[in-house]
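In UniProt numbering, the protein residues as written are 1 to 407.
All C-beta atoms, glycine included, are put in the ideal place defined by N, C-alpha and C.
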């Protein structure tokens with residue numbers, strides 16, 4: 001909103017300093033400051049409100065050290081993250097940008113699904129919460145909306161090369177612009193010709209196959225949104241783990257968004273230029289600020305839990321950002337913590353069922369799944385587990401950056 005206000009003031013009244021709002025870096029800086037202030041200052045008031053409403057966590061006895069002391073800790077703290085993100089975005093982002101619209105829709109959509117799940121657990125005293133099939137349905141529908149929008153919307157375009165060359169006009173050197181194209185090309189890490197066009201996967205259909213690229217692209221988007229949101233949900237098991245690792249992941253995606261949306265840096269790094277994607281940096285800045293601000297109250301011992309309101313929302317937003325900046329195939333590396341947590345659960349359940357079917361006695365690979373509970377069972381303190389997972393997440397983020405140039 002402020003973007004449009006200052007744009008008007010600059011055009012009509014030549015207000016000094018109004019042009020600052022034309023710079024993404026300035027608006028991103030303002031967004032992260034405002035989101036941090038909202039999360040830290042008003043976050044406490046939200047926690048007090050949740051306590052008054054007796055919206056506390058119901059903890060199942062899993063035999064973990066310090067677990068019983070967490071019972072009654074306010075949950076639904078994801079509301080802090082959502083509000084602290086959306087308010088700065090509404091103030092500083094361009095709200096006519098298709099990517100910003102998609103991210104706002106994603107945050108609200110997943111926030112509602114998570115809120116319903118937490119509401120059922122808290123007020124209906126049903127520990128299972130929202131039935132899994134309804135969660136999956138909500139994630140699938142969101143994936144369908146995101147995939148369809150990105151595939152069919154006319155403003156979702158790329159430039160395979162930022163500029164075609166330069167031409168000299170008098171004393172000035174001018175870049176030769178490359179036209180925008182409608183394409184679903186994405187980045188493949190560690191490959192020399194590191195681009196994949198999803199339509200090439202159905203080239204066997206013959207002429208006109210490109211018209212049906214959505215048959216491949218949309219299901220992939222649905223899978224990614226569902227997988228990452230559930231991965232984030234599984235990671236939210238001990239104080240500060242999900243919020244901290246997510247902040248690292250989102251910050252990394254912010255660098256990708258800034259580079260991909262900047263014609264100079266995308267040309268220098270020889271990566272595809274995505275017009276209008278630079279605006280996503282403002283959303284990401286607000287999101288990072290909200291996550292760090294939430295950590296103020298979520299680090300051990302936590303004063304509030306994010307609940308599914310937060311974890312499902314975080315995962316959904318991360319997935320959509322990665323797809324927007326054409327880095328979704330790097331998710332297994334960048335979101336390696338989410339991936340490991342999810343794989344640990346699938347291996348544990350699969351191996352237990354298999355051994356029970358074969359020998360009649362179910363066996364386990366891990367002491368407990370998800371993975372962070374395995375280390376708790378081994379006697380590691382929560383803070384040590386969280387800190388080491390953060391370190392691993394930082395290493396994975398660095399590896400992800402390296403994939404920009406290592407092909």
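Bounding residues of the beta strand (DSSP E) (the contiguous stretch that carries residue i)
{"i": "residue 185", "result": "185-187"}
{"i": "residue 382", "result": "Run containing residue 382: none in the beta strand (DSSP E); it sits in the alpha helix (DSSP H), 382-402."}
CB of residue i within 9 Å of CB of residue j, strictly
{"i": "residue 244", "j": "residue 38", "result": "no"}
{"i": "residue 281", "j": "residue 247", "result": "no"}
{"i": "residue 75", "j": "residue 240", "result": "no"}
{"i": "residue 110", "j": "residue 229", "result": "yes"}
{"i": "residue 186", "j": "residue 201", "result": "no"}
{"i": "residue 342", "j": "residue 365", "result": "no"}
{"i": "residue 338", "j": "residue 210", "result": "no"}
{"i": "residue 333", "j": "residue 291", "result": "no"}
{"i": "residue 319", "j": "residue 224", "result": "yes"}
{"i": "residue 78", "j": "residue 114", "result": "yes"}
{"i": "residue 375", "j": "residue 363", "result": "no"}
{"i": "residue 367", "j": "residue 356", "result": "no"}
{"i": "residue 286", "j": "residue 112", "result": "no"}
{"i": "residue 116", "j": "residue 261", "result": "no"}
Presumed contact (8 Å Cβ cut-off) between residue i and residue j, rounded CB distance
{"i": "residue 372", "j": "residue 238", "result": "6 Å"}
{"i": "residue 254", "j": "residue 288", "result": "7 Å"}
{"i": "residue 157", "j": "residue 275", "result": "6 Å"}
{"i": "residue 87", "j": "residue 41", "result": "The pair is not a contact, with the Cβ atoms about 12 Å apart (cut-off 8 Å)."}
{"i": "residue 295", "j": "residue 405", "result": "Rounded, the Cβ-Cβ distance is 31 Å, inconsistent with contact."}
{"i": "residue 222", "j": "residue 312", "result": "With 8 Å as the limit, residue 222 and residue 312 do not qualify as a contact, their Cβ atoms being about 15 Å apart."}
{"i": "residue 283", "j": "residue 150", "result": "Contact doesn't hold; Cβ gap of about 16 Å is too wide."}
{"i": "residue 73", "j": "residue 302", "result": "6 Å"}
{"i": "residue 188", "j": "residue 329", "result": "6 Å"}
{"i": "residue 139", "j": "residue 226", "result": "4 Å"}
{"i": "residue 159", "j": "residue 272", "result": "7 Å"}
{"i": "residue 400", "j": "residue 252", "result": "6 Å"}
{"i": "residue 100", "j": "residue 279", "result": "6 Å"}
{"i": "residue 403", "j": "residue 137", "result": "Contact doesn't hold; Cβ gap of about 34 Å is too wide."}
{"i": "residue 277", "j": "residue 324", "result": "6 Å"}
{"i": "residue 213", "j": "residue 184", "result": "6 Å"}
Residue range of the unbroken alpha helix (DSSP H) whose run includes residue i
{"i": "residue 158", "result": "That residue, residue 158, is in no alpha helix (DSSP H); it is neither H nor E in DSSP."}
{"i": "residue 346", "result": "336-359"}
{"i": "residue 269", "result": "No alpha helix (DSSP H) holds residue 269; DSSP gives it neither H nor E."}
{"i": "residue 295", "result": "280-298"}
{"i": "residue 378", "result": "Unbroken run through residue 378: none, as it is neither H nor E."}
{"i": "residue 40", "result": "Note, residue 40: premise wrong, no alpha helix (DSSP H); not H, not E."}
{"i": "residue 134", "result": "132-152"}
{"i": "residue 310", "result": "307-324"}
Nearest residue (CA-CA) to residue i, options the options
{"i": "residue 141", "options": "301, 156, 105, 155", "result": "105"}
{"i": "residue 398", "options": "363, 336, 345", "result": "336"}
{"i": "residue 36", "options": "49, 127, 254, 85", "result": "85"}
{"i": "residue 155", "options": "97, 332, 400, 130", "result": "97"}
{"i": "residue 297", "options": "29, 222, 44", "result": "44"}
{"i": "residue 2", "options": "77, 94, 52, 81", "result": "94"}
{"i": "residue 81", "options": "261, 321, 32, 122", "result": "32"}
{"i": "residue 386", "options": "354, 236, 128, 30", "result": "236"}
{"i": "residue 122", "options": "50, 134, 381, 350", "result": "50"}
{"i": "residue 194", "options": "375, 326, 285, 203", "result": "326"}
{"i": "residue 55", "options": "91, 100, 119", "result": "119"}
{"i": "residue 266", "options": "359, 127, 178", "result": "178"}
{"i": "residue 304", "options": "264, 47, 21", "result": "47"}
{"i": "residue 20", "options": "130, 92, 128", "result": "92"}
{"i": "residue 234", "options": "205, 259, 214, 340", "result": "340"}
{"i": "residue 457", "options": "393, 392, 299, 361", "result": "It is not possible to answer for residue 457, since the shown part of the chain is limited to 1 through 407."}
{"i": "residue 220", "options": "22, 360, 331, 205", "result": "331"}
Query raised in the report: Curious, which full-length alpha helix (DSSP H) runs of at least 4 residues does the region 176-263 contain?
Result: The qualifying runs are 214-235, 241-260.
Query - Completely contained alpha helix (DSSP H) runs for the region 74-128, where each covers 4 or more residues - result: 78-92, 98-123
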